[in-house]
Every structure is written in C-alpha cells, then in structure tokens.
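Asks:
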Amino acid sequence: MRYGLRAPFAQERLSRRDDGQVVYRLRRPWPHAQGATHLILEPHDFLRRLAALVSFPYSHQVRRHGVFANHSRWRRRLPPPPARDPQDRELAPASSTQQQPEAASPPDPSRPSPQPRRRVPWAQLLRRVLAVDALSCPQRLKQCIRFS
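The sequence shown begins at 1 in the working numbering and counts up one residue at a time.
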C-alpha cells in the first residue's frame, strides 16, 4: 500500500521561487551529463504536467506496444512462455504427434491446486471500464418492461 500512496515526484526536490515559479531539481542531469539540472515552470504548467501522470478512473494501467500489443501481426511468431517449474513441463499440452497417456497420475498433495478463474459479469465490466451502469434504466421500470 505504501507504493500506491507515493507521490509521482519527490517533494524534497520541489520548491517555489520568489516570483511564483515552481522549481523542480532533477535527480541527475537530463538528457545527458551536461544537460539541465532543474525544471522551472509556471504553476499552471506544473499542474498540467502533473495531471498528465494521473490516469482516468477504471482505465488500464499497462499499455502494450509492438509485438506484445493485442493485434500485432508478429505476435504468433513469439516463442511459447517458459514453464514455471519442472512439474509444469510435464503438464504442458502434448503436440498432435504424441500420444496422450491413458491414465492420469494422481495429483501431488504438496502442490496447491490451481484456483478456478472467477467470472466477472458483463455489466460489472462495463461499469468498471466505461463507468456506465448497463443495468440501470433511465425511465420508469414499467416503461422498461413494456419495451423489452
């Protein structure tokens, strides 16, 4: 929880000049060793840059680009992910040329059983992602039932 409560900048490096401008001292010179060591911004510009770091509510925090994007044409060329343990390699699906064993081995009591994925209802997903309550009706309930 502490990480979530962190400010997006170090407050010790933030100060205000006598003329009202905001000064932010950079941790190291940017973009190279002889680069700028301080950012000097108007208060409005500082707030605008700070607000750009805040994401919209219920939006995805991780964006994937390149090969890892959802509809990348090169995604199928990626190798399969490695198995987590040696026992996972035994449980990996066999190729079409291999024969499946007839009897399954008993489950290993030392390994925890995989938890089933919890299904999230579509209305809750819409509310989470788009902030839309799909189950609420803008009119009275009688009118909604009449049209359905």
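Backbone N, C-alpha and C fix where the C-beta goes; we use that ideal spot for every residue, glycine too.
Owing to the predicted nature of the structure, the values given are computational and were not obtained by experimental measurement.
Grouping DSSP H, G and I as helix and E and B as strand, with all else coil, what is Val23?
Replies: In this structure, Val23 counts as strand in the three-state DSSP scheme.
Asks: Name the one or two DSSP bridge partners that Ala36 has.
Replies: DSSP, once it has assigned bridges, lists Trp30 as partnering Ala36.
Asks: On the DSSP bridge assignment, give the partners of Arg16 in chain order.
Replies: Val22.
Asks: What does the Cβ neighbour count give for Val22, buried or exposed, with the cut at 16 atoms within 10 Å?
Replies: It counts as buried.
Asks: Considering only residues of the same chain and omitting the five flanking positions on each side of Arg25, which have a CB-CB separation below 6 Å?
Replies: Same-chain partners within the cutoff: Arg13 and His38.
Asks: Quick check: the Cα distance between Arg128 and Tyr58, rounded to an integer number of angstroms?
Replies: Rounded to whole angstroms, Arg128 to Tyr58 spans 5 Å at the Cα level.
Asks: On the DSSP bridge assignment, give the partners of Leu41 in chain order.
Replies: DSSP, once it has assigned bridges, lists Val22 as partnering Leu41.
Asks: Taking the CB atoms as reference points, tell me whether Arg28 and Ala10 lie closer together than 9 Å.
Replies: Not in contact: Arg28 and Ala10 (Cβ atoms no closer than 9 Å).
Asks: What is the rounded straight-line gap between the Cα of Asp19 and the Cα of Arg77?
Replies: Approximately 57 Å, taken between the alpha carbons.
Asks: Once the 5 residues before and after Ala36 are set aside, which same chain residues still bring their CB inside 8 Å of it?
Replies: Once the five neighbours on either side are set aside, the close Cβ partners of Ala36 are Leu26, Pro29 and Trp30.
Asks: Using the Cα positions of Trp122 and Val132, report the straight-line distance between them to the nearest angstrom.
Replies: Taking the straight line from one Cα to the other gives about 11 Å.
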